Each structure stands twice: as C-alpha cells, then as structure tokens.
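In the numbering used here, the protein residues as written are 2 to 201.
Structure, rendered in structure tokens:
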C-alpha cells in the first residue's frame, strides 16, 4: 500500500459508507401458512405488455394459491377489466393497486366473506409470491417464444402455456404431488398430451 495514503483508524464512523451501503432489512418469514387449498390467494396484475396479444390483451391477472402453489391467469384488455372470480377463497393478498382496492371489489369480497389483505405500498416483497409468479410466467413465456422464433403478439398464449405446464410439473410443495393434484385433490395428472409450443 502507498505510504502517502492515510488509512483511518478502525472503529471510525463513515457516513458516506453507511448511506452508500444502506439497504432494506430482509423480511421475516411469514407467520401464517395455510394448511389447505383456497385459504390464502395471492393476486397481482402484470402489464401493460409492450405488444398487444392476438386476443387484444395488454395485461394478465395472476391468482396463486398459497398452499398448493396452483396458479391461474386471466388476460385483460384494460387494467380496469380486472374482476375477482368467485371461489371458496378465505383471504386475498394484493399489492393494494386500484384494480383491487375499490368499492366494486370490496363489495364482492364482503358479500362472499373473503378477507382482503394489502401489502405495504412500494414494498413488493410483501406480495412476493404473486410478484415472483408474474416474473416466472413472463420469463417462461418469453423463453417459449424465443425458442421457436415466434412473434411477441403470441405472449398471452405463451404465458398460458407456461401456467398450464407449471401447474402440472412445476416445483412441488408436497412430495409426489403436482400443484393441480394438491389444489383439486385429483389423481396424478397426465402430461401425455403435451407437445412443444409452436409445433403442429
């Protein structure tokens, strides 16, 4: 080390270092883990996409069951087209976006006795399951399109395919059971009908 550079003594406080390396604390693990499908649903809206799909959609709405990890996507032309589909859901966790946090949705949830939990603003980690699911579906859909050199106007079809494949063979929470088997209490799901996206 050069002798002309003076290194401060250890234990000194450097405001620049503290501010420059400042980061959020990691999030604690969740306290509530459902023990059956439909008890907690994570929901988020993804979009707008840069290209309109063949069906005219610019967004997709993802619902993901916390217990089974089963996911479902709905494609939307406009952000305000989002509606909560009826189910035996007990609780929905959203990012608090206006597409969920409005009188129409609150009325539906109240009539069906479904609780709405809202993540803190600007804290996607609080709705991390749905945020991560959006990323997984978009990246998988994009990979599907790139693998066959297909136009991005097929993004909705690729995302839907990714969703269907992941529900049958994606990461599992209970050994030997797919998300679809856990969510719907079905016998093992066949994938014999699967074939490559973009093939005849």
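A virtual CB, placed ideally from N, CA and C, is assigned to each residue, including glycine. Every value quoted in this text rests on a predicted model; they were computed, and no experiment measured them.
query, result
"Cβ neighbour criterion (16 or more within 10 Å) applied to residue 103", "exposed"
"C-beta atoms of residue 46 and residue 91 nearer than 8 Å", "no"
"CB contact flag (residue 69, residue 157, <8 Å)", "no"
"Which of helix, strand or coil DSSP assigns to residue 155", "helix"
"Every unbroken beta strand (DSSP E) inside the segment 37-95 [3 residues or more]", "42-47, 60-66, 72-77, 92-95"
"Buried or exposed by the 16-neighbour rule on C-beta atoms within 10 Å, applied to residue 187", "exposed"
"Where the beta strand (DSSP E) containing residue 118 begins and where it ends", "116-119"
"Three-way DSSP call (helix, strand, coil) for residue 34 in this model", "coil"
"Cβ separation of residue 67 and residue 43, assumed to be a contact under 8 Å, to the nearest whole Å", "6 Å"
"Anticipated Cβ contact below 8 Å, residue 77 with residue 58, distance rounded", "6 Å"
"Secondary structure of residue 199, DSSP reduced to three states", "coil"
"Given residue 132 as reference, the closest of 37, 115, 48 once Cα atoms are compared", "48"
"Helix, strand or coil at residue 162 [DSSP, three-state]", "helix"
"Status (buried if at least 16 other CB within 10 Å, exposed otherwise) for residue 195", "exposed"
"Proximity of residue 63 and residue 93 at Cβ, strictly below 8 Å", "no"
"N- and C-terminal bounds of the alpha helix (DSSP H) containing residue 106", "104-112"
"Residue 101 - DSSP class collapsed to helix/strand/coil", "coil"
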